[in-house]
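In the working numbering, the protein residues as written are 379 to 826.
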Amino acid sequence: MKKQTGLLLSSTSFFISTVIIYAARFLTSVIVARSLNVEGKGYYTLVLTVAHMLIMAVNMGINGTLTYFTASQKFSPKVLLGFAIASALSLSILGSAIFLILYKVILSNTLLQGLTLAHTWLVIAVLPVNLMTSFMMSILMGLQQFLPYTLIDISRAVTNLAFQAAASLLILGLPGALGAWVLSNAFAFILTLCILIRYTSPTFRGFRLIFRPSLAYGIKSYIANLTSFFNYRLDTFLVNFYLGRESLGQYTTGVSVAEFLWYLPNAISSVLFPKVSSLQEKTAHLITAQACRITLSTMFPLALIFGVIGSFLIPVIFGEAFRPSVTPFLWLLPGIVALTISKVIAANLSGIGKPQYSTYISTSAIFATLVFDILLIPRMGIAGAAIASSIAYTLISGLSVFWFTRESHLPWRRVLIPSSSDLTFLGSRVLSIASRLASQLRKSSPKV
């Protein structure tokens with residue numbers, strides 16, 4: 379029970395921090411939407427999605443490798459940091475060259491149509507900074523330094539918000555919005571480096587020994603992560619291709635609001651992965667099963683409330699031009715609730731050193747995503763894109779439960795159906811957290 383309580387407390391801390399991050403990102407999204415309007419926001423989102431795609435394409439699964447090797451103490455943090463720096467630089471150079479060729483040969487006229495060459499170079503320039511930041515944060519996660527890790531994420535979101543607000547006030551348009559994003563990423567890199575060197579310093583001796591085991595472990599999760607990215611974001615590129623920037627701006631706004639519900643399972647899985655790496659498999663499976671049940675118990679009522687509130691607030695906050703965003707927002711909610719289980723299970727499978735299951739799941743689902751997107755987007759517009767995503771997310775969740783129950787030998791009911799003890803445990807933790815918050819408020823309130 380202590381381990382379960384510790385997991386929930388750590389996840390609660392992560393959830394609170396991610397709420398702060400989401401609030402900053404949400405306000406940033408509102409500022410960008412109000413400053414650039416629908417079409418401009420669509421293009422801005424396209425640039426950022428391409429940047430994210432590049433990171434996913436070139437990282438070779440090293441993020442998970444660094445966290446796993448650090449948490450399991452297979453290699454020293456010094457050697458891992460040296461390996462991370464060398465890998466980030468070499469992969470950025472190689473990946474940028476390949477991407478530039480693909481852009482000129484095929485992508486500029488298909489999925490990335492409308493993306494200018496200048497902004498393609500901007501994405502390439504930012505790649506090594508973002509990749510190195512990501513690798514260093516993975517080491518922090520493996521060291522179970524959750525507070526510094528969340529501090530970096532919060533600072534990146536808050537600085538981006540501040541820079542975007544300044545760019546909006548100065549009426550700098552799209553260049554200002556993209557410049558603010560670049561500055562916030564540079565700040566995150568500097569902060570991550572300053573924090574990590576307090577715990578370790580890099581050495582470039584011996585990191586060659588990591589190459590083979592890193593490739594062997596990382597390639598399993600790499601394919602899964604890359605296909606997962608396209609399961610989540612292929613619709614962005616296809617909406618841009620079929621419907622254009624304006625529809626893309628409306629669609630991605632609905633998506634970004636709906637995906638707030640992922641912050642709870644993301645918080646649980648982020649804490650669960652390094653913990654699972656250091657636990658016996660049987661204990662890890664039991665904790666993961668309970669995490670799934672508790673997550674579902676929380677997600678269903680949250681989704682209902684969120685759907686009602688979001689439908690009203692989206693056009694009010696973003697503007698009347700974004701009213702069409704409500705439709706994909708609502709269609710995405712069932713799939714997002716279903717996918718929360720997969721996010722928690724993926725952390726377990728990676729934590730016990732078997733990320734290949736995530737590869738099987740994501741590879742199977744990518745075909746469903748592609749087929750339903752091609753069938754539904756031309757016929758139903760942005761609503762079709764959301765429906766296709768919900769179908770794919772539900773498929774991913776079902777496959778995740780199948781592989782997890784096969785590996786853990788637990789019945790599916792132990793994974794999906796909350797027990798009375800789960801609800802009692804969850805209720806006690808909620809009351810405990812509420813009591814602490816109330817106590818802090820009483821202490822901070824001025825005495826009369």
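Note that beta-carbon positions come from the ideal geometry of N, C-alpha and C, so glycine has one too.
Using CA atoms only, rank isn't needed, just tell me which of the options is closest to residue i.
i	options	result
residue 429	621, 459 and 501	501
residue 447	461, 579, 509 and 402	461
residue 630	399, 407 and 400	407
residue 794	675, 705 and 588	675
residue 556	410, 677 and 431	410
residue 707	691, 547 and 747	691
residue 660	799, 785, 426 and 509	785
residue 522	547, 444 and 457	444
residue 412	478, 427 and 695	695
residue 799	548, 431, 672 and 475	672
residue 431	677, 705, 498 and 482	498
residue 770	605, 722, 621 and 679	605
residue 741	697, 483, 479 and 608	608
residue 464	639, 781, 697 and 588	588
residue 727	503, 772, 781 and 593	781
residue 549	526, 415, 593 and 594	415
residue 684	773, 724 and 640	640
residue 723	483, 790 and 693	790
residue 425	528, 519, 493 and 525	493
residue 527	560, 567, 559 and 554	567
residue 457	592, 739 and 546	592
What does the alpha-carbon distance come out to for the pair residue i and residue j?
i	j	result
residue 577	residue 511	16 Å
residue 702	residue 762	13 Å
residue 439	residue 596	4 Å
residue 699	residue 743	33 Å
residue 565	residue 745	38 Å
residue 766	residue 455	42 Å
residue 670	residue 732	18 Å
residue 602	residue 735	8 Å
residue 404	residue 752	29 Å
residue 718	residue 441	21 Å
residue 633	residue 571	32 Å
residue 544	residue 401	18 Å
residue 778	residue 720	5 Å
residue 485	residue 491	7 Å
residue 433	residue 583	26 Å
residue 508	residue 797	42 Å
residue 705	residue 682	15 Å
residue 651	residue 452	Interpretation of residue 651 is limited by its pLDDT of 47, a score under 50 that renders its predicted location unreliable; no figure is taken from the coordinates.
residue 503	residue 495	12 Å
residue 525	residue 519	10 Å
Go through its chain and collect everything with a Cβ distance to residue i's Cβ below 7 Å, but skip five positions before and after it.
i	result
residue 610	none
residue 768	709, 710, 712 and 713
residue 506	466, 467 and 470
residue 532	395, 398 and 399
residue 562	534, 537, 538 and 541
residue 617	625, 626, 629, 755, 760 and 763
residue 613	751, 763, 766 and 767
residue 619	488, 489 and 491
residue 688	635 and 707
residue 427	611 and 614
residue 637	714
residue 417	623, 624 and 627
Give me, in chain order, the residues of the same chain whose beta-carbon lies closer than 6 Å to that of residue i; leave out the 5 immediate sequence neighbours on both sides.
i	result
residue 655	In this prediction, residue 655 scores a pLDDT of 46, lower than 50, which makes its location untrustworthy; the coordinate-derived value is nonetheless stated afterwards. Cβ neighbours of residue 655 beyond the five flanking positions: 446, 449, 450 and 729.
residue 321	For the chain, the structure presents residues 379 to 826; residue 321 sits outside this window and is missing.
residue 421	623
residue 827	Absent from the model: residue 827. The displayed extent of the chain is 379 to 826, so no value can be given.
residue 663	786
residue 419	410, 411 and 627
residue 775	716, 717, 719 and 720
residue 482	none
Please go through the same chain and pick out, in chain order, the residues whose beta-carbon is closer than 8 Å to the beta-carbon of residue i, but skip the five residues on each side of it.
i	result
residue 459	514, 517, 574, 578, 579, 580 and 581
residue 758	765
residue 480	none
residue 678	715
With 8 Å set as the bound, which would you pick, yes or no: does the beta-carbon of residue i sit closer than that to a beta-carbon of chain C?
i	result
residue 755	Looking for chain C here will not work: only one protein chain is present.
- What are the start and end residues of each continuous alpha helix (DSSP H) run of 4 or more residues lying completely inside the stretch 435–480, in chain order? Within the stretch 435–480, the complete alpha helix (DSSP H) runs of at least 4 residues are 440–449.
- Item | Those runs of the beta strand (DSSP E) which lie wholly inside the stretch 525–554 and span at least 3 residues | The qualifying runs do not exist here; there are none.
- Only counting runs of 4 or more residues, tell me where the alpha helix (DSSP H) segments fall wholly within the stretch 715–793, in order along the chain. 734–758 and 760–786
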